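J.:
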Amino acid sequence: MKSFISLLKDARLIIETCFETQPGDAVTILADADHMAEAEALAAAAHAIDAKPVIFNVTSMATLAKIHPAMPADPPKHMAAAMTNSDVIIIEVELEYAHRLAHTEAVRDSCKANARIASIEDGMGEWGLTKEDVLAIEERTKKLIEATRDAKWVHVTAPGGTDVTLSIEGRPPLKCTPIKKRGEMMNPIPLWGEVAWGPVEDKTEGKIVIDGYMCGIGLVGSLPKPIEWTMKNGRAVNISGDENAEKLKTVLSKSDENANVVGEFAIGTSPFEGFGTPSEQGKLGTVHFALGDNLSYPGGRNKSKTHFDGTVRNVTIEVDGRLIIKDGKIVI
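Under numbering that gives the first Met the number 0, the first residue of the sequence shown carries the number 0, and numbering increases by one thereafter.
1. Looking at V414: is its Cβ nearer than 8 Å to the Cβ of V153?
2. Give, in chain order, every unbroken run of the beta strand (DSSP E) that is at least 3 residues long and sits entirely within the segment 43-111.
3. When DSSP labels each residue in this structure, what does I162 get in the three-state scheme?
4. Measuring only the C-alpha atoms, how far is I226 from E200?
5. Once you ignore the five residues that flank D326 on each side, which residues in its own chain have a CB closer than 7 Å to its CB?
6. So, with DSSP's three-state summary, where would you put G175?
7. Alpha helix (DSSP H) containing F3: first to last residue?
8. Report back the beta-carbon spacing between E91 and A38 to the nearest angstrom; my notes put them in contact at under 8 Å.
9. Tell me whether T27 sits in a helix, a strand or coil according to DSSP, three-state version.
10. Identify the continuous beta strand (DSSP E) that holds D132 and give its terminal residues.
11. In whole angstroms, give me the CA-to-CA distance for I324 and E263.
12. Taking C-beta to C-beta, are D108 and T147 nearer than 8 Å?
13. Please tell me whether L165 and V261 are closer than 8 Å, where the distance is taken between their beta carbons.
14. Taking the Cβ atom as the reference point for each residue, do G281 and F307 lie within a distance shorter than 8 Å?
15. Between which residues of its own chain and V236 is the CB-CB distance below 6 Å, once the five residues before and five after are set aside?
16. In the DSSP output, what is I207 paired with across the bridge?
17. I need the boundaries of the beta strand (DSSP E) containing N237, first residue and last residue.
18. Using the C-alpha atoms, what's the distance from I88 back to K51?
19. Whose C-alpha, out of S5, G267, I209, G215, is nearest the C-alpha of S239?
20. When the Cβ atoms of the segment 10-20 are set against those of the segment 70-79, are three or more pairs found closer than 8 Å?
21. Which word fits N259, buried or exposed, when buried means at least 16 other C-beta atoms lie within 10 angstroms of its C-beta?
22. If you draw a straight line from the alpha carbon of D49 to that of D24, how long is it in whole angstroms?
23. Given that a residue counts as buried once 16 or more other Cβ atoms are within 10 Å of its Cβ, and exposed if not, what is T285?
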């Protein structure tokens with residue numbers, strides 16, 4: 000069991016460095032039973048700098064969402080009201096539920112209200128991160144954003160069979176890093192880093208082979224066999240593989256007509272993430288694609304009840320014909 004002192008050390012990194020929390024800030028922490036010790040450490044770190052933290056126990060919501068993957072994750076209106084009246088919102092729950100929560104109106108409204116919001120990755124008290132590590136993720140992410148500025152077309156290939164082209168023309172990138180600014184989209188912290196886009200909805204063509212982690216199907220660990228998406232006019236017109244592919248097809252069929260539209264393309268930028276959990280999406284050398292909602296991304300127009308991500312490993316990426324990543328390594 001982790002000591003409260005070790006939790007508090009990492010909680011201070013979250014409160015002081017990642018959120019840049021100020022005295023008097025209203026800090027809302029949503030936590031489930033499995034993460035209550037971490038939530039209490041975060042509240043203590045906030046109290047220490049004269050911020051005003053409160054903790055909401057959302058165990059029942061997180062449990063229900065795990066049982067019903069296609070169920071919308073929107074919080075109730077009184078919790079949403081607390082979120083939109085907060086300066087800092089911290090989501091300390093199981094990461095896949097947090098990821099689904101990120102694509103809700105409550106989170107979008109909180110961003111519009113100028114809150115700083117993020118979910119917390121597992122391992123608090125054991126991260127071993129420094130402020131310098133966090134800032135390095137920030138700078139690497141900014142470098143990729145600059146390399147893709149005003150880009151139109153992206154071509155992604157990978158040893159597992161991925162060969163897909165998509166358009167990001169007119170779609171500004173979304174920076175997801177451990178340093179949270181007011182109004183920025185929610186993402187996991189402090190290990191995570193990515194640059195994300197909501198691609199033009201009807202212009203993704205080719206084959207995406209998900210060979211890492213797949214959200215929304217109750218997976219524990221990496222996929223034992225890949226799941227292949229055949230993309231045509233921006234939709235996954237065929238999904239094939241083993242029983243996990245069938246689970247994904249079932250979940251999508253229970254959602255809505257826009258659930259199979261490409262909703263996201265993102266490049267991981269952090270060397271600190273591992274494989275086989277939702278956090279793989281932020282790992283350097285991977286990309287992830289999502290099917291479903293993309294209204295949280297600049298320019299996104301696809302509204303859906305669901306948003307499910309899958310990762311592709313060891314990618315090579317060309318942007319408008321320029322090589323920026325080869326075999327998982329940045330080459331710019």
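For every residue, glycine included, the Cβ atom is placed at its ideal position computed from N, Cα and C. A quick note: this is a predicted structure, and the numbers were derived from the prediction, not measured.
T.: To lay it out plainly:
1. Not covered by the structure: residue 414. The range shown for the chain is 0 to 331.
2. 51-56, 87-91
3. Note that residue 162 is Asp in the sequence shown, not Ile. Reduced to three states, the DSSP call for D162 is strand.
4. 21 Å
5. N313, T315
6. A quick correction: the sequence has Cys, not Gly, at residue 175. Strand, per DSSP.
7. First-last of the alpha helix (DSSP H) with F3: 3-11.
8. 5 Å
9. For T27, the secondary structure class from DSSP, reduced to helix, strand or coil, is strand.
10. No beta strand (DSSP E) holds D132; the alpha helix (DSSP H) holding it covers 130-146.
11. 18 Å
12. no
13. yes
14. no
15. Excluding sequence neighbours, V236 sits near T229.
16. W228
17. 234-239
18. In this structure, the straight-line span from the alpha carbon of K51 to that of I88 is close to 12 Å.
19. Checked all of S5, G267, I209, G215; the closest Cα to S239 is I209.
20. Below 8 Å, too few C-beta pairs join the segment 10-20 and the segment 70-79 to call them touching: fewer than three.
21. buried
22. Their Cα atoms are separated by approximately 8 Å.
23. buried
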